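Note that numbering that gives the first Met the number 0 has the sequence shown beginning at 0, numbered continuously upward.
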Amino acid sequence: MKGKVVNSLLVIALTITFFGFAGSALAQDKPADNMEIVKEKIRTDKKLFIATNMQLTESEAKTFWPVYEAYQKEFSKLKDREIQLIGDFAANYQTMSDDVAKNLLDDSLSIDSDYLKLRQSYLTKFRGVLSDTKVARFYQLESKINAVYEYELARKIPLVQ
Numbered sequence: 000m001k002g003k004v005v006n007s008l009l010v011i012a013l014t015i016t017f018f019g020f021a022g023s024a025l026a027q028d029k030p031a032d033n034m035e036i037v038k039e040k041i042r043t044d045k046k047l048f049i050a051t052n053m054q055l056t057e058s059e060a061k062t063f064w065p066v067y068e069a070y071q072k073e074f075s076k077l078k079d080r081e082i083q084l085i086g087d088f089a090a091n092y093q094t095m096s097d098d099v100a101k102n103l104l105d106d107s108l109s110i111d112s113d114y115l116k117l118r119q120s121y122l123t124k125f126r127g128v129l130s131d132t133k134v135a136r137f138y139q140l141e142s143k144i145n146a147v148y149e150y151e152l153a154r155k156i157p158l159v160q
């Protein structure tokens, strides 16, 4: 099981890295279309990772996946805000004023806070369809995926100048 999780996380990390590079190369063509392709690929890989590692029964799967899809829809909105924030940072990082830095930091912390609120608000929904052990596993998997994502961002985003 441990090997599966590590291998699956590696696939997600490589997908994020690949599409990070490919996305910037494709961006000159049709940025909106290409970004949607990238986001869909990442969502698909993430769902496969979750499905592989949750070990759901057929009955659990029937009740889990609709809650998961609703959660992911809201989670995606937060990621869109984060992508916008990164774009704003990229446009300003070399000549960052205090006002822009303050706004970017405030927005970043707001996104972090909203992510925590989302996780908390869905906890009872996931508990309504899965055992606490499986809910804990799901939240662990989400944390692992987000750690890989955050690592890739931290690795690529330069410090404010």
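Ideal Cβ positions, reconstructed from N, Cα and C, are used throughout, including at glycine. Quick caveat: nothing in here was measured; it's all calculated off a predicted structure.
Burial state of residue i, where buried means 16 or more other Cβ atoms lie within 10 Å
{"i": "K72", "result": "exposed"}
{"i": "K155", "result": "exposed"}
{"i": "L115", "result": "exposed"}
{"i": "L129", "result": "buried"}
{"i": "L152", "result": "exposed"}
{"i": "I49", "result": "buried"}
{"i": "L47", "result": "exposed"}
{"i": "Q27", "result": "For Q27, the predicted model reports a pLDDT of 44, less than 50, meaning its position is unreliable and no value from the coordinates is stated."}
Contact set for residue i: own chain, Cβ-Cβ below 8 angstroms, skip 5 residues either direction
{"i": "R118", "result": "Y138 and E141"}
{"i": "S23", "result": "Reliability of the predicted coordinates at S23 is poor, the pLDDT of 42 falling under 50, and the value obtained from them is presented with this limitation in mind. Correct list: empty, nothing qualifies."}
{"i": "T94", "result": "Q160"}
{"i": "D98", "result": "none"}
Which listed residue (the options) has its alpha carbon closest to that of residue i
{"i": "Y121", "options": "V134, I110, S112 and S109", "result": "V134"}
{"i": "T62", "options": "Y92, K124 and I36", "result": "K124"}
{"i": "R42", "options": "A69, T94 and T56", "result": "A69"}
{"i": "R136", "options": "A89, P157 and N52", "result": "N52"}
{"i": "S109", "options": "S58, E81 and K143", "result": "E81"}
{"i": "E39", "options": "D105, S58 and D79", "result": "D79"}
{"i": "S75", "options": "T132, K143, D113 and N33", "result": "D113"}
{"i": "G127", "options": "M34, W64, A146 and N33", "result": "W64"}
Own chain, CB closer than 7 angstroms to residue i, minus 5 neighbours either side, in chain order
{"i": "A100", "result": "V159"}
{"i": "S107", "result": "L84"}
{"i": "P157", "result": "Y92"}
{"i": "N145", "result": "none"}
{"i": "L25", "result": "Because L25 sits at a pLDDT of 38, beneath the cut-off of 50, its placement in the model cannot be relied upon, and the following sentence gives the value as read from the coordinates. Cβ within range, chain order: N33."}
{"i": "A21", "result": "Bear in mind that a pLDDT of 38 at A21, under 50, signals an unreliable position, so the number given afterwards is only what the model happens to contain. Here the set comprises nothing."}
6 angstroms Cβ shell around residue i - same chain, five flanking residues per side excluded
{"i": "E149", "result": "none"}
Presumed contact (8 angstroms Cβ cut-off) between residue i and residue j, rounded CB distance
{"i": "L103", "j": "D87", "result": "6 angstroms"}
Discussion item. Which runs of the beta strand (DSSP E) at least 3 residues long sit entirely within the region 63 to 146? Give them in chain order.
Written reply: As summarised for the region 63 to 146, there are no continuous beta strand (DSSP E) elements at least 3 residues long confined to that stretch.
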